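A.B. asks: In the numbering used here, the protein residues as written are 23 to 319.
For glycine and all other residues, C-beta sits at the position ideal for the given N, C-alpha and C.
No experiment lies behind these values; they were computed from the predicted model shown.
Pasting in a structure now, in structure tokens, and then I'll have a few things to ask.
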């Protein structure tokens with residue numbers, strides 16, 4: 023009987039391992055294919071001959087992406103957006119989550135605010151009211167148009183709130199007995215004990231701000247105000263035949279070596295680099311923070 027159970031457990035473990043390997047390959051193969059296409063020659067990529075290794079390797083696509091001063095302008099705008107947006111979301115999320123983690127006796131309007139937050143998750147005001155609101159505050163063509171509308175991310179607030187609620191209440195009660203106020207308790211007790219969840223919501227905020235492109239397309243009228251993701255989307259149009267007619271012979275030869283497919287692959291890889299650099303430093307908090315923050319009493 024024991025031997026049969028051991029065999030069943032081994033079969034289950036091996037089956038899970040096979041499924042995980044398949045899922046890993048399903049995620050990894052498209053990435054490797056994209057990298058290969060980005061380094062491949064235009065004719066090979068357009069013919070569909072590129073699989074997991076580049077054919078006639080070339081840096082023409084990356085040269086096209088990087089050979090523009092506006093690219094670096096957009097890059098630094100995205101960095102600025104991530105820093106401002108991440109910091110603002112970090113501060114507001116902690117304060118809101120701490121207040122909402124209290125029960126109705128300590129915070130009588132808690133349920134009202136919670137329903138308000140949940141309502142914003144299910145229903146959106148729409149693009150036109152969003153644009154008109156930003157315009158009425160005079161924020162168009164400014165970095166704050168990309169940051170302020172996303173200062174509160176409801177999912178992050180709920181995640182961190184649940185994490186705070188799972189901390190022992192005796193800690194805050196002991197702090198109150200010792201004369202500590204809400205600010206001291208939040209900063210000196212709750213924040214240090216919640217680093218995994220805070221790292222998780224910070225990572226979510228960074229990825230959100232870095233990958234967002236639609237708001238830049240709507241709220242920015244000048245190309246030199248575009249964040250990186252918005253600017254990269256506009257680069258494809260520069261490969262049109264109309265744009266090529268105004269190029270020098272050297273620029274035309276470089277453009278002819280690039281197709282929309284190789285160029286699109288290159289822009290995807292370039293956009294991923296900053297997140298790939300940051301993620302390893304926060305990865306150890308990621309799953310642990312989500313797991314603990316999702317537990318409810």
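For the alpha helix (DSSP H) containing residue 114, list its first residue and its last residue.
C.D. replies: Note, residue 114: alpha helix (DSSP H), 91–122.
A.B. asks: Using the three-state DSSP reduction, which class does residue 71 fall into: helix, strand or coil?
C.D. replies: Coil, per DSSP.
A.B. asks: With DSSP as the reference, label residue 321 as helix, strand or coil.
C.D. replies: Nothing about residue 321 can be read from this structure; the chain reaches only from 23 to 319.
A.B. asks: Just to confirm before moving on: does the CB-CB distance between residue 120 and residue 249 stay below 9 Å?
C.D. replies: Cβ atoms of residue 120 and residue 249: not closer than 9 Å.
A.B. asks: Go ahead and pull the three-state DSSP assignment for residue 266.
C.D. replies: Caution is warranted here: a pLDDT of 48 is assigned to residue 266, below 50, making its placement in the model unreliable, and no coordinate value can be reported.
A.B. asks: Measuring only the C-alpha atoms, how far is residue 50 from residue 102?
C.D. replies: When rounded, the distance between both Cα atoms is 30 Å.
A.B. asks: Count the C-beta pairs between the segment 62–75 and the segment 221–229 that are closer than 8 Å, then say yes if the count reaches three, no if not.
C.D. replies: As far as the Cβ criterion goes, the segment 62–75 does not touch the segment 221–229, which means the pair count is below three.
A.B. asks: On the premise that residue 175 lies in contact with residue 111, defined as a C-beta separation below 8 Å, what is that separation, rounded to the nearest angstrom?
C.D. replies: Indeed they touch by this definition, with Cβ atoms about 6 Å apart.
A.B. asks: Return the CA-CA distance between residue 283 and residue 256, expressed in angstroms with no decimal places.
C.D. replies: If you take the alpha carbons of residue 283 and residue 256, they lie about 14 Å apart.
A.B. asks: Tell me whether residue 76 sits in a helix, a strand or coil according to DSSP, three-state version.
C.D. replies: Reduced to three states, the DSSP call for residue 76 is coil.
A.B. asks: Helix, strand or coil for residue 43 per DSSP?
C.D. replies: If DSSP states are grouped into helix, strand and coil, residue 43 belongs with the helices.
A.B. asks: Mapping the DSSP letters down to three states, classify residue 163 as helix, strand or coil.
C.D. replies: Correct three-state label for residue 163: coil.
A.B. asks: Is it right to say residue 128 is buried, meaning 16 or more other beta carbons lie within 10 angstroms of its own, or is it exposed?
C.D. replies: Exposed is the call here.
A.B. asks: My assumption, with CB atoms under 8 Å, is that residue 172 sits in contact with residue 238. Please give the rounded CB distance.
C.D. replies: About 12 Å; that fails the 8 Å criterion.
A.B. asks: Beta-carbon within less than 8 Å of residue 264's beta-carbon, same chain only, minus the 5 sequence neighbours each way: which residues are those?
C.D. replies: Here the model assigns residue 264 a pLDDT of 44, short of 50, so the residue's position is not dependable, and the following value carries that caveat. Result list for residue 264: empty, nothing under 8 Å.
A.B. asks: My understanding is that residue 62 touches residue 76, with C-beta atoms under 8 Å, so please give their C-beta distance in whole angstroms.
C.D. replies: Sure, about 5 Å apart at Cβ, within 8 Å.
A.B. asks: Decide if residue 216 is buried, meaning its Cβ has at least 16 other Cβ atoms within 10 Å, or exposed.
C.D. replies: Buried: at least 16 other Cβ atoms inside 10 Å.
A.B. asks: Below 7 Å CB to CB, which residues in the same chain sit around residue 96 once its five sequence neighbours on both sides are set aside?
C.D. replies: Only 248, 249, 250, 253 meet the Cβ criterion.
A.B. asks: With DSSP run on the structure shown, which of helix, strand or coil describes residue 246?
C.D. replies: Residue state, collapsed to three classes: helix.
A.B. asks: Checking 9 Å against the spacing of the C-beta atoms, do residue 167 and residue 118 come in under that value?
C.D. replies: Cβ atoms of residue 167 and residue 118: not closer than 9 Å.
A.B. asks: In its own chain, which residues sit with a C-beta less than 7 Å from the C-beta of residue 290, not counting the 5 before and 5 after it?
C.D. replies: Around residue 290: 56.
A.B. asks: Out of 83, 36, 54, 148, which has the shortest C-alpha to C-alpha gap to residue 320?
C.D. replies: With the chain covering 23 to 319 only, the question about residue 320 has no answer from this structure.
A.B. asks: Does the separation of the CB atoms of residue 228 and residue 300 fall below 9 Å?
C.D. replies: Contact flag set, yes.
A.B. asks: If residue 287 sits next to residue 85, beta carbons under 8 Å apart, how far is it from one beta carbon to the other, in whole angstroms?
C.D. replies: Contact flag wrong, Cβ pair sits at about 14 Å.
A.B. asks: Would residue 212 and residue 194 be called neighbours here (beta carbons separated by less than 9 Å)?
C.D. replies: A contact, by the Cβ cut-off of 9 Å.
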